[in-house]
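Chemist: Can you read through this structure? Questions will come right after.
Residue numbers (our numbering): 9 to 327.
What follows is the structure in structure tokens.
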């Protein structure tokens, strides 16, 4: 589940079930308790007044904080707004008018509250820190709103690999964090396919009136076998042996794919994972130096050996 949508769902669950526990939130949101705790910390950083009165007592809001979860899209709002014009006059009683006005007022309050919540989220979600750069904050707020309301955006985007800046229309499906950065996954009208875009390469964004449907795209399935954000068409089965010096640390890490971990008799760890691309994984392996040994595929052992040989040559040159 995309993180921002999950955060809003946590708010709704706490409001509707004061005292709900982290374990229950994790079950409903289909994630881990550890993830829920991190989400709750993020909500607190975004000034959402959530309180925990002690072990086993669950979470609730402090004071009069409210979130209005009607979440109408524009078509639903316009349909309801026209209700008095479609309803026969004899049914338009004082009670009906009163109820109608209360619902419309709730919708207006929800829009205001939602914009505030989204603004607060967008200020802290990246690295959990406040952003001082107004333009970057504005772009993140707009993309967040477009993801939640399912509206197409027109974006000016810089492609680093080609050093080119283009204007394109995107249907932003998901906003996901990876390696302390944010990425947008969505349908690119220019390329006519689903693509991944790095947030800080958006130079300008405008939300358009046209809406889109996600067509039942499943984020987990889309990123299956993807180490981080680069998706390939391969199926590479890596087997890596981590030394006993770092084995316990590898076990504590969270991965976007699920590896098979096997303890070996000497205290080392066998790490078995299947991926659709190699670049990001090899970069991750290399940061562990001699504490990580690629066992399979054999060709990657040869590649890494050659890379290390070139690296040694560089440092053997006298300065």
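Idealized CB from N, CA, C, for every residue including glycine.
Computed from a predicted model, the values in this text were never measured in an experiment.
Mind the definition here: the stretch 251-265 touches the stretch 315-323 only if three or more C-beta pairs lie below 8 Å; say whether that holds.
Modeler: A contact between stretches requires three or more CB pairs, one per stretch, nearer than 8 Å, and the stretch 251-265 fails this requirement with the stretch 315-323.
Chemist: Taking the alpha-carbon of residue 280 as reference, which of 31, 161, 233, 175 has the nearest alpha-carbon?
Modeler: 233
Chemist: Excluding sequence positions up to five away, which residues of its chain have a Cβ less than 7 Å from the Cβ of residue 225?
Modeler: 181
Chemist: Am I right that residue 154 and residue 161 are in contact with their C-beta atoms under 8 Å? What's the rounded C-beta distance?
Modeler: 5 Å
Chemist: Identify every run of the beta strand (DSSP E) within the stretch 159-184, keeping only runs that are complete inside it and at least 3 residues long; order them along the chain.
Modeler: Assignment of beta strand (DSSP E) within the stretch 159-184, counting only whole runs of 3 or more residues, yields 159-167 in chain order.
Chemist: Return yes when at least one heavy atom of the ligand ZN lies under 7 Å from the C-beta of residue 41, else no.
Modeler: The ligand ZN is absent from the structure shown, which contains no ligands of any kind.
Chemist: Is the stretch 242-250 close to the stretch 293-302, with three or more CB pairs under 8 Å?
Modeler: yes
Chemist: For residue 196, write down the residues that DSSP places opposite it in a beta bridge.
Modeler: 178, 201
Chemist: Just how far apart, CA to CA, sit residue 211 and residue 169?
Modeler: 16 Å
Chemist: Leaving out the 5 sequence neighbours to the left and right, which residues in its chain are closer than 6 Å to residue 184 when beta-carbon positions are compared?
Modeler: 191
Chemist: Please go through the same chain and pick out, in chain order, the residues whose beta-carbon is closer than 6 Å to the beta-carbon of residue 158, but skip the five residues on each side of it.
Modeler: 219, 220
Chemist: Within 10 angstroms of the Cβ of residue 148, are there 16 or more other Cβ atoms? Answer buried if so, exposed if not.
Modeler: buried
Chemist: Taking the DSSP output, what are the residues bridged to residue 206?
Modeler: DSSP, once it has assigned bridges, lists 191 as partnering residue 206.
Chemist: Around the Cβ of residue 223, are there at least 16 other Cβ atoms within 10 angstroms (buried) or fewer (exposed)?
Modeler: exposed
Chemist: What residues match up with residue 215 in a beta bridge as DSSP calls it?
Modeler: Its beta-bridge partners are 161.
Chemist: Compute the Euclidean distance between the alpha carbons of residue 33 and residue 106, then round it to the nearest angstrom.
Modeler: For the pair residue 33 and residue 106, the Cα-to-Cα distance works out to about 35 Å.
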